[in-house]
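Notes follow once the structure below has been shown.
Residue numbers (the working numbering), protein chains in the order written: chain S, 1 to 310; chain G, 1001 to 1169.
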């Protein structure tokens, strides 16, 4: 049992079998997390650095918890308060950390492709925890895990991804993963936030009316409006976005079926998702967070076998 | 070891367990995933036939995440199923072949993460003597054999049940 890649840079590089292995192993780790002692000694001899060049709450805590539950040694790095503000380059920073004998690097960076760049230049195993507007592979894996847990599988399931598709790494990773696993995907949102040609590029459906997308799907993955990545006006106001594309209890009740709602967090309550939807029975948001630890344990465990034995 | 011999040995192991543990109120039987489980299934089924009224505590333990050889190879994890507390119970670990002892070492670690048993015993079908790398010995042993490092022991279950020793080339 082996993954076909040495690093986890994106879902794009994984095969359907890799995804299957990661999700199956995560099931066993989820079981470990229900035990009185929620810790296994698998990565006792591994040191992992969490390099966060961009803000994060869930991903960072989830990775750190996953590492600790596997008994790995962890160090945390965040760009604020480090020598990055003195002008040190990414490669220099990482090489300096690696010379202290670190085996794996978990990295989030605001530049797309930053982990791919590192993977070319350093010997450690790299896990991408989100790079710019490119990919966020562990989020897609935990979303898939949560869907699989609720619906019993991925093949043939209908998933709508709603919101800021253009700036979302979660959307891209999810599309790759769902297509590889045989699910059907619709993206929905304002035309300015959906990239041109996405329909042909990924063989997915595009919908500009949120209600139609919700009516079609089994699960809706609602994305955050990423104002920090938008350097031009793509819709007139948050209030208008919320009226046209936000998901309210009223809208969900008007469908003739019950669907599940997911959100990768952090939620802008009242913008893309109303509070009563986020906190409702249909919402899988907290399940996603819980599953995140098991999925990340699975990824780290499976990649730890890929280290150069030295 | 052919099917008839294997059957006799399995029944003897079950009777030894019965002798030491009847009426099983303080005992848990735990098969080690994946290869110890067919053996423990057989023994538990047999004990249940003899004592249908006894309430046996029977679980399965996966030790993948506790192995000390994950640097060399990764194994596929199986299910751990322990629907009872092992706290202050006598635990019998059941596996098919005892070789270096490393699997049992991992199993004891995995077991202790689930509680503190009063006693842990080991039941083994085939004991490969003189090849231990850790100080571990079985309490119940089906058959002890002498083998060299290039040889392998394989236990088959079902219709074609038997134990073979073969040269690994």
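Glycine is no exception: its CB is placed at the ideal position from the N, C-alpha and C atoms.
Would you say residue i reaches chain G, if we count a Cβ-Cβ gap shorter than 8 Å as a contact?
{"i": "residue 310/S", "result": "Residue placement at residue 310/S is flagged as unreliable, the pLDDT there being 42, under the threshold of 50; a coordinate-derived value is accordingly withheld."}
{"i": "residue 31/S", "result": "yes"}
{"i": "residue 40/S", "result": "yes"}
{"i": "residue 6/S", "result": "no"}
{"i": "residue 305/S", "result": "yes"}
{"i": "residue 294/S", "result": "no"}
{"i": "residue 145/S", "result": "no"}
Is there a C-beta anywhere in chain S that falls below 8 Å from the one on residue i?
{"i": "residue 1135/G", "result": "no"}
{"i": "residue 1080/G", "result": "yes"}
{"i": "residue 1062/G", "result": "yes"}
{"i": "residue 1109/G", "result": "yes"}
{"i": "residue 1069/G", "result": "no"}
In chain S, which residues lie less than 8 Å from residue i when you measure between Cβ atoms?
{"i": "residue 1066/G", "result": "40, 41, 42"}
{"i": "residue 1114/G", "result": "35, 36, 37"}
Residues of chain G with a CB under 9 Å from the CB of residue i: which are they?
{"i": "residue 302/S", "result": "1074"}
At what residues does the alpha helix (DSSP H) containing residue i begin and finish?
{"i": "residue 287/S", "result": "285-304"}
{"i": "residue 128/S", "result": "Run containing residue 128/S: none in the alpha helix (DSSP H); it sits in the beta strand (DSSP E), 125-131."}
{"i": "residue 1036/G", "result": "1036-1050"}
{"i": "residue 278/S", "result": "275-278"}
{"i": "residue 1017/G", "result": "1003-1021"}
{"i": "residue 120/S", "result": "114-121"}
{"i": "residue 30/S", "result": "16-32"}
{"i": "residue 214/S", "result": "210-216"}
{"i": "residue 1109/G", "result": "1102-1112"}
How many whole angstroms separate the CB atoms of residue i and residue j, which I take to be in contact at a CB cut-off of 8 Å?
{"i": "residue 48/S", "j": "residue 103/S", "result": "7 Å"}
{"i": "residue 50/S", "j": "residue 58/S", "result": "Not quite, the Cβ-Cβ distance comes to about 13 Å (not below 8 Å), so this is no contact."}
{"i": "residue 249/S", "j": "residue 274/S", "result": "6 Å"}
{"i": "residue 162/S", "j": "residue 210/S", "result": "6 Å"}
{"i": "residue 1086/G", "j": "residue 1056/G", "result": "About 14 Å; that fails the 8 Å criterion."}
{"i": "residue 255/S", "j": "residue 215/S", "result": "5 Å"}
{"i": "residue 332/S", "j": "residue 272/S", "result": "The structure shown has nothing for residue 332/S, since chain S only spans 1 to 310."}
{"i": "residue 208/S", "j": "residue 191/S", "result": "6 Å"}
{"i": "residue 84/S", "j": "residue 93/S", "result": "6 Å"}
{"i": "residue 82/S", "j": "residue 1065/G", "result": "Not a contact, Cβ separation roughly 33 Å."}
If the cut is a Cβ gap below 7 Å, which residues of chain S does residue i touch?
{"i": "residue 1239/G", "result": "Lying outside 1001 to 1169, the shown extent of chain G, residue 1239/G is not represented and no answer is given."}
Please list the partners that residue i has in chain G, where partner means a Cβ-to-Cβ separation under 8 Å.
{"i": "residue 2/S", "result": "1074"}
Let's see if you can read the secondary structure: which residues bound the beta strand (DSSP E) around residue i?
{"i": "residue 205/S", "result": "205-207"}
{"i": "residue 356/S", "result": "Residue 356/S is absent from the model: chain S starts at 1 and stops at 310."}
{"i": "residue 1129/G", "result": "1119-1129"}
{"i": "residue 52/S", "result": "47-52"}
{"i": "residue 272/S", "result": "Run containing residue 272/S: none; DSSP gives neither H nor E here."}
{"i": "residue 76/S", "result": "73-78"}
{"i": "residue 199/S", "result": "Note, residue 199/S: premise wrong, no beta strand (DSSP E); alpha helix (DSSP H) at 198-202."}
Going by the C-beta, is residue i closer than 7 Å to any heavy atom of the ligand ATP?
{"i": "residue 71/S", "result": "Absence of the ligand ATP from the depicted structure is noted, as is the absence of any ligand whatsoever, leaving it without description."}
At the 8 Å Cβ level, is residue i part of the contact set with chain B, yes or no?
{"i": "residue 206/S", "result": "Reference to chain B is not applicable here, since the protein chains of this structure are S and G."}
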